[in-house]
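My numbering puts the first residue of the sequence shown at 26, with every later residue one more than the last. We treat Cβ as the ideally placed atom computed from N, Cα and C, and that holds for glycine. Below is one structure, written out as structure tokens, with a few remarks after it.
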Amino acid sequence: MQYHTLLHVISGYLYEHYNALATSSQIEKEHARLELSFSPEIMEEIPFDQLEQSIKKILAQPHNVYTKTISRAEAELKKAGVIKTVIHLLPASLNEIRIVQINDIDEQTCGGTHVNNTNEIKDFSIMKIQQKGPAKKRIKIQLLD
Ligand SMILES: [Zn+2]
Numbered sequence: 026m027q028y029h030t031l032l033h034v035i036s037g038y039l040y041e042h043y044n045a046l047a048t049s050s051q052i053e054k055e056h057a058r059l060e061l062s063f064s065p066e067i068m069e070e071i072p073f074d075q076l077e078q079s080i081k082k083i084l085a086q087p088h089n090v091y092t093k094t095i096s097r098a099e100a101e102l103k104k105a106g107v108i109k110t111v112i113h114l115l116p117a118s119l120n121e122i123r124i125v126q127i128n129d130i131d132e133q134t135c136g137g138t139h140v141n142n143t144n145e146i147k148d149f150s151i152m153k154i155q156q157k158g159p160a161k162k163r164i165k166i167q168l169l170d
């Protein structure tokens, strides 16, 4: 739950500031990773070396994690790009869509399990950030004890 919620915070931050879209994520026992795609033009300008500090700054304050259910029609009208992108992947038969919101940090469709507040997330570090093709990055993170 901590890893999963932390991935929301990181992808939400990178979406908000750099329009990055999360394309996949994987959570293991000792680490988690997130792949994001960027527009190639701005990729060079993104200060990835400061990402860990930026995320820790966000997590220095508590943020509530909410879930709500909205209709598919309502979801399709939403402006947030993350929701629009993901909605095409949802089965057409699905009429109720679950949205996870972390204050103004992230809002997206998700059926996963989350902590109730970001203050439940332990300290973490970014282990590495790898280039995956011209416009993709893979970010590997680790929660610290
Ligand atoms: Zn989630």
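For H33, the shortest separation between its Cβ and any heavy atom of ligand 1 lies below 7 Å. Straight across, the Cα-Cα distance linking H139 with E53 is about 16 Å. In this structure, G137 has its CB closer than 7 Å to one or more heavy atoms of ligand 1. Spatial neighbours of E145 in its own chain (CB-CB distance under 7 Å, excluding positions within 5 residues in sequence) are listed in chain order as Q27. No heavy atom of ligand 1 is found nearer than 7 Å to the CB of H88. If you check the C-beta of V140 against ligand 1, you find no heavy atom less than 7 Å away. In the displayed model, S64 falls within coil according to three-state DSSP, outside both helix and strand. Of the candidates D129, G136 and T143, T143 places its Cα closest to the Cα of L84.
Closest option to S150, judged by alpha-carbon separation, among I166, C135, K162 and K161: I166. Sequence-distant partners of L168 (beyond 5 residues in either direction) whose C-beta falls short of 7 Å from its own C-beta, in its chain, are Q27, Y28, K147 and F149.
Sequence-distant Cβ neighbours of Q155 in its own chain, meaning closer than 6 Å and more than five residues away, are R163. The three-state reading of DSSP puts Q86 in coil, since its state is none of H, G, I, E or B.
Judged by DSSP in its simplified three-state form, S118 adopts coil rather than helix or strand. Residue burial annotation: E101 is exposed, with fewer than 16 other C-beta atoms found within 10 angstroms of its C-beta.
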